[in-house]
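Each remark here refers to the structure printed beneath this line.
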Amino acid sequence: MYGYKAVIMLMSSAVLLAACGGGSSNDTKVTQNKPPEVNQATGFAGSLVQNAAKTERYIRNGIYASALPQTDSEQGGVVASPSADSLNYSTTNTIESGVDEADRVKYDGDTFYLANYAIWSQEKNSASVRVLTRNEDDTLTSLPDIELANESDNIIGMYRHQKHLVAVSTQTQIYPIGAISILPWEPSEPKFSLQFFDVSNPADVTSVQHIEFDGSLLSTRRIGDDLYIASSFVPYLEQLIPLPSSDADKLANYQYVSNTASDELMPNMYSNGQATALNELGECYVPEAATENDGYAQILTVTRININQPSDIQSMCMSAQAYMLYMSLDSMYLASNIEGRQTAFHKIGLTDLSYQASGVVDGVLGWRSDPLFKVDESEGYLRVVTTDYSNSPSTHHLSVLTQNGNELETVATLPNQNQSESIGKPGEDVYAVRFIDDQAYIVTFETIDPLYVIDLTDNTAPSIMGSLEIPGFSSYLHPLENGLLLGIGQQVSMEDIPDSGDVFIAPPTTSGMKISLFDIRDAQNPVELKSIVVSDAYTPVEFNYKALSVLEEEGHYQFALPVESWGLSESENGTGIDEYVSLNSLMLLEVDSNSLTPDLLWRGNVGALNASDDYIYAGEDRSIIHAQNVYYFHGNQVWQALWSNPANVTGPF
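In this text, residue positions in the sequence shown follow the working numbering: the first is 218, and each later residue adds one.
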């Protein structure tokens, strides 16, 4: 058995402040003749604990410490929804089945809702939601846009559930280019919003509730009627002297923080002009092993809201770091990076929105590939793929943890003494991970793409079952029925791949987008059945899985993925070359997993012709497949075509 205890990193400086009682005021004024001593940062082995006096002291210490100068060595620290399987149209591509995620396009089978992004070059550039309804001939008709309560908000995603549409937005003002130079800069505290709309009648949408929150949004998820939000908040004290150098300034900060009312240190939510605290300061969890000299200023809040009854709100808080959220049907895990060497996880139970346990693994999730796919919960086990970059060369690990009391204990790792084979060759990084039931698939790459198949039938004894080496690499893996796997990534130039025994000099050059169909029925001998390469192109699916649309019916799959390439445009008279232009389209693929000889079929592309000369970023392109129709969203416009005839495009709408 491999056991680790949770390590919660603190602010780089920590001080002792007098503990103050909870509530909205601080009746006992703190006086002191000199500033307190400051300790160096430290870490704790153990779990989080809920203790009002301890929490008051810990967070106030952190606020005071956050203003102090830091040395170079210091570092800051359920009602079930209709299953997508029963629908004849595609929905948002998500990590976990049954756990919905926010996206810029939502569809209910009749009406499309498109987050209409603000455009720098336009004078009227506030974000809104486009509403488009399908006609009998499958074309679209625009209905009145849905306006947000705050013109400065920028939509980062939406949810569509029963009769409601929920817009998730942050306050990020987009100014027209001509106004940037004359507008004064004004500092502001971060906020984000949820706006609930009744879309029972898409032609007459009404706003039901607008809730604004203090802090920065980490992520959201939806299960049934419940929307889950994770956010972070650092109290802003206007009179706090930044980087104090004299004892007088330090003492002034100390007394100011100590005497600030507790409710001024906590995030609020605002509805109908009324401010309400999400939690009391003393309710937050802090490291159990923290002493009176330790502290951390950031407050992490997890909130649950009933979409059908937005006044039904529940929240909990902790003073901890988090940069990633993973959620299963049962639990939420918040991950934080510890000094670039380890990753801590905090587990939240969804049944009563309660803190459950904490644990730590060696290595970090990293950003070479999407960290969201490197975490998975199955049958009470948390499975994690991390990389230890402190080694040379770096090493990759698969860790399995399970809850024991308030600790997440590591029960297995890979490689280990009995399974010594490394995940990846020396110098290779992890480019893609996918957990599928009792197996994990890991793609590593430096010059060639090994696909590893990990057996997790027994979570306490993982093992590498097989591997496959092919040119190129996959950045995204999608499971299919009947033992098939789709890989989406890049091809590399074969000339850059050294022969056996040759010295590797330079990284290979990517030569185009690559889609591969793998047969993984024999886990010990995975096979690439077919690949399609599009030269000098990429797909946003490589870095944003929501750009992929999937429609499956009885083992027959339709895939739609946006493609961007660059080409030379000819001059108007056809006598010369003018300039490079972006070429955007939607690629249509099919796979019949029931076939005795499965094939990856390319059905064509739906083209998008930009209505202006402005470049439109393809990273936010989306699509919806509805039976034999496909709808392609590029920028704030939509194109429609039949699956059987993608070259015949209608639009833009």
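Don't be surprised by glycine CBs; every beta carbon is placed ideally from N, CA and C. For clarity, every value in this text was computed on a predicted model and none was experimentally measured.
- Per DSSP, the continuous alpha helix (DSSP H) segment holding Gln472 begins and ends at Asp464 to Asn476.
- For Met483 and Lys564, the gap between their C-alpha atoms comes out near 22 Å.
- By the beta-carbon neighbour count (other beta carbons within 10 angstroms, threshold 16), Asn862 is exposed.
- Segment contact: the stretch 538-554 against the stretch 464-481, fewer than three CB-CB distances shorter than 8 Å; contact not assigned.
- In the displayed model, Tyr648 falls within a strand according to three-state DSSP.
- For Cys534, DSSP records a beta bridge to Thr518.
- Excluding residues up to 5 positions away in sequence, Tyr543, Ser545, Asp547, Ser548, Tyr550 and Arg600 lie with their Cβ nearer than 8 Å to the Cβ of Glu594 in the same chain.
- In the structure shown, the three-state DSSP call for Ala384 is strand.
- Here Thr867 has Thr356, Trp856, Gln857 and Ala858 as same chain residues with Cβ atoms under 8 Å from its own Cβ, once five neighbours each way along the sequence are excluded.
- A check of alpha carbon separations from Ala740 across Gly644, Ser680, Ser410 and Glu505 identifies Ser680 as the nearest.
- Proximity to Arg438 across Leu454, Val519 and Ala420 peaks at Val519, based on C-alpha coordinates.
- Listed as beta-bridge partners of Leu673 by DSSP are no residues whatsoever.
- In the three-state DSSP reduction, Lys323 falls in the strand class (E or B).
- Per the Cβ contact rule, the stretch 771-784 is in contact with the stretch 806-817 (3 or more Cβ pairs under 8 Å).
- As the crow flies, the alpha-carbon of Leu349 is around 6 Å from that of Thr328.
- Less than 8 Å separates the beta-carbon of Gln515 from that of Val451.
- Taking C-beta atoms under 8 Å as the contact rule, Thr603 and Val578 qualify, at a distance of about 6 Å.
- Shown here for Gly279: same chain residues with a beta carbon closer than 6 Å to its own, the five before and five after excluded, namely Met228, Gly512, Tyr513 and Ala514 in chain order.
- For Lys591, the secondary structure class from DSSP, reduced to helix, strand or coil, is helix.
- By the neighbour-count criterion, in which a residue is buried when 16 or more other Cβ atoms sit within 10 angstroms of its Cβ, Ala574 is buried.
- In this structure, DSSP gives Glu455 a state outside helix and strand, which the three-state scheme calls coil.
- Per the coordinates, the alpha-carbon of Ala506 lies some 12 Å from the alpha-carbon of Thr272.
- For Glu273, the enclosing alpha helix (DSSP H) starts and ends at Ala269 to Ser283.
- Pairwise C-beta distances place the stretch 319-333 out of contact with the stretch 815-823, as fewer than three of them are shorter than 8 Å.
- Sequence-distant partners of Tyr445 (beyond 5 residues in either direction) whose C-beta falls short of 6 Å from its own C-beta, in its chain, are Arg438 and Arg521.
- Excluding five sequence positions before and after Cys534, the CB atoms of its chain that fall closer than 6 Å to its own CB belong to Asn496, Cys501, Ile516 and Thr518, given in chain order.
- In this structure, the beta-carbon distance from Ser782 to Asp753 falls below 8 Å.
- Going by DSSP, Glu686 is part of the beta strand (DSSP E) stretching over Ser680 to Ile687.
- Under the three-state reduction of DSSP output, Leu365 falls in the coil class, being neither helix nor strand.
- A straight-line Cα-Cα distance of about 22 Å links Asp431 and Ser475.
- Leaving aside the five residues that flank Lys251 on each side, the residues in its chain whose CB is nearer than 7 Å to its CB run, in chain order, Asp464 and Leu468.
- Taking Ser586 as the centre and dropping the five residues before and after it, the same chain places the C-beta of Val647, Tyr648 and Ala649 closer than 6 Å to its C-beta, in chain order.
- Sequence-distant partners of His381 (beyond 5 residues in either direction) whose C-beta falls short of 8 Å from its own C-beta, in its chain, are Phe413, Phe414, Asp415, Val416, Val425, Ile524 and Asn525.
- The C-alpha of Leu694 is placed about 18 Å away from the C-alpha of Glu645.
- Pairing Ser386 with Glu364, the inter-Cα distance amounts to about 12 Å.
- His427 places its beta carbon 8 Å or farther from that of Ser448.
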